[in-house]
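Student: Be aware that the sequence shown starts at 1458, since it is given in the numbering used here, and climbs by one per residue.
Think of the CB as a built atom: it goes at the ideal place given N, C-alpha and C, for glycine as much as any other residue.
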Amino acid sequence: MTPILEVQNLNRRFGGLQAVSEVSFAVAVGQIKAVIGPNGAGKTTLFNLISGTIPADSGQVIFNGQEIQGKQPWQIATAGMARTYQNIKLFPGMTALENVMVGRHCRTTAGFAAGMLNLPWTWKEEREIREKSLELLELLEIGDLAQVEATSLAFGQQRAVEFARALAAEPSLLLLDEPAAGLNMHETGEVARLISKIRDRGVTVLLVEHDMSLVMDISDEIVVLCFGQKIAEDVPTAIQHNPEVIRIYLGDGDV
Ligand SMILES: Nc1ncnc2c1ncn2[C@@H]1O[C@H](COP(=O)(O)OP(=O)(O)O)[C@@H](O)[C@H]1O
Ligand SMILES: [Mg+2]
């Protein structure tokens, strides 16, 4: 397997709490890999370490053969890693389409920076960004909502806008932090389908999720975190039958 991402012996402490402890795993090109675990297991912290949002105490994060720790967020984005957040972060007062257009900034030249500074965009560049962003909204099946204010959409649709915005940066690896958080069962099913669709377009996906049912259907492999430690890593059917995993999830009241 060709790994796109390798996490090696990653550690992160908050005061007296070891939030991520000696975690190692790899993500192969073209996979959907999931990290699951109860609330407080360290999933978001792990994500923040991988996306370079917070520094690790020790360990490596190798993306496409290169250590990404110490790099600036824009460098990591340009290298091909994009992420979404557990709490949806869309820009209020902007349409769905405009939110997606913002996601393209790391792939454009002066045009977009000029736009942000209220300088005139070049016509051609703006038109290209707009067309590409609309295509992404269509891919995520919300093309008809392009002109609607993003934060007024239903949660499931807001997730789709967030996915489109992340894809606008043309990532090779997409990190999704709890994409089903706040969604009802129907919306969760739709989001699962969209994630598979994104992978089928050639984007490798690493997602962390509290909800086991979402990841069972769509993941190729699953890592289970508990109190910051990796306790299992296997294909979904094996994870489903892993006694320690069952115990954790039953204890959590959440299977
Ligand atoms: N910035 C922080 N400061 C202190 N403790 C934190 C911080 N972020 C997370 N934690 C703690 O680290 C543990 C793991 O949190 P988190 O990574 O958010 O878990 P998960 O995403 O799996 O629910 C929790 O006990 C949480 O309270
Ligand atoms: Mg979290």
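For the 8 angstroms Cβ check, are there 3 or more pairs between the region 1538 to 1555 and the region 1501 to 1512?
Tutor: Yes, they touch.
Student: Would you say the beta carbon of LEU1506 is closer than 7 angstroms to some non-hydrogen atom of ligand 1?
Tutor: No, since every heavy atom of ligand 1 falls outside the 7 angstroms radius drawn around the Cβ of LEU1506.
Student: In chain order, what residues place their C-beta within less than 7 angstroms of a heavy atom belonging to ligand 2?
Tutor: That query returns the following residues: LYS1500, THR1501, GLN1543, ASP1634, GLU1635, VAL1665.
Student: Verify the contact flag: LEU1474, CB atom, against every heavy atom of ligand 1, threshold strictly below 7 angstroms.
Tutor: Yes, the beta carbon of LEU1474 sits closer than 7 angstroms to at least one heavy atom of ligand 1.
Student: Who does PRO1460 pair with in a DSSP beta bridge?
Tutor: DSSP, once it has assigned bridges, lists ALA1485 as partnering PRO1460.
Student: Sort ASN1505, MET1458, THR1510, VAL1518 by Cα distance to SER1481 and report the nearest one.
Tutor: Per the Cα distances, VAL1518.
Student: Is it true that the CB of LEU1593 sits closer than 8 angstroms to the CB of ALA1621?
Tutor: Contact: yes.
Student: Given the structure, does GLY1639 come close to ligand 1, in the sense that its CB is under 7 angstroms from one of the ligand's heavy atoms?
Tutor: Because no heavy atom of ligand 1 lies under 7 angstroms away, the Cβ of GLY1639 does not count as near it: no.
Student: Keeping to the same chain, check which residues put their C-beta closer than 6 angstroms to that of MET1558; ignore five residues upstream and five downstream.
Tutor: For MET1558, where only same-chain residues beyond five positions count, the Cβ hits under 6 angstroms are ILE1586, SER1590.
Student: Among all the DSSP beta bridges, which residues are the ones paired with PHE1684?
Tutor: BP columns for PHE1684 are empty, so no partner.
Student: List the endpoints of the continuous alpha helix (DSSP H) containing ASP1634.
Tutor: Careful: ASP1634 lies outside any alpha helix (DSSP H), inside the beta strand (DSSP E) at 1630 to 1634.
Student: If you count every other CB in all the chains shown that lies within 10 Å of the CB of GLU1588, and 16 or more means buried, which is it?
Tutor: Its Cβ having fewer than 16 others within 10 Å, GLU1588 is exposed.
Student: Alpha carbon to alpha carbon, how far is HIS1698 from PRO1512? Give it in angstroms, no decimals.
Tutor: Looking at the two C-alpha atoms, the distance is approximately 35 angstroms.
Student: Rounding to the nearest angstrom, what Cα-Cα distance links TYR1706 and VAL1665 in this structure?
Tutor: Near 15 angstroms, if we compare the C-alpha coordinates of VAL1665 and TYR1706.
Student: Looking at C-beta atoms only, is the number of pairs between the region 1484 to 1494 and the region 1681 to 1691 that lie closer than 8 angstroms three or more?
Tutor: Enough Cβ pairs lie closer than 8 angstroms, so yes.
Student: For ALA1637, I'd like the list of residues in its chain whose CB is within less than 7 angstroms of its CB, leaving aside the five on either flank, ordered along the chain.
Tutor: So the list reads THR1645, VAL1648, GLU1666, ASP1668, LEU1671, once near-sequence residues are dropped.
Student: Pick helix, strand or coil for LEU1467, following the three-state DSSP scheme.
Tutor: Of the three classes helix, strand and coil, the one that applies to LEU1467 here is strand, per DSSP.
Student: Is it the case that the Cβ atoms of GLU1627 and LEU1547 are separated by a distance below 8 angstroms?
Tutor: No, they are not a contact pair.
Student: Can you grab the Cα-Cα spacing for the pair GLU1479 / MET1673, in whole Å?
Tutor: Those two C-alpha atoms are separated by around 25 angstroms.
Student: Determine the extent of the alpha helix (DSSP H) in which PHE1548 is found, giving its start and end residues.
Tutor: Neither: PHE1548 is in no alpha helix (DSSP H) and is coded neither H nor E.
Student: Quick one: what's ILE1679 bridged to in DSSP?
Tutor: DSSP, once it has assigned bridges, lists ALA1491, ASP1691 as partnering ILE1679.
Student: In this structure, does DSSP put THR1510 in helix, strand or coil?
Tutor: It is coil, neither helix nor strand.
Student: On the criterion of 16 or more Cβ atoms from any shown chain inside 10 Å, does ARG1561 qualify as buried, or is it exposed?
Tutor: So ARG1561 ends up on the buried side.
Student: Mapping the DSSP letters down to three states, classify GLN1517 as helix, strand or coil.
Tutor: Residue state, collapsed to three classes: strand.
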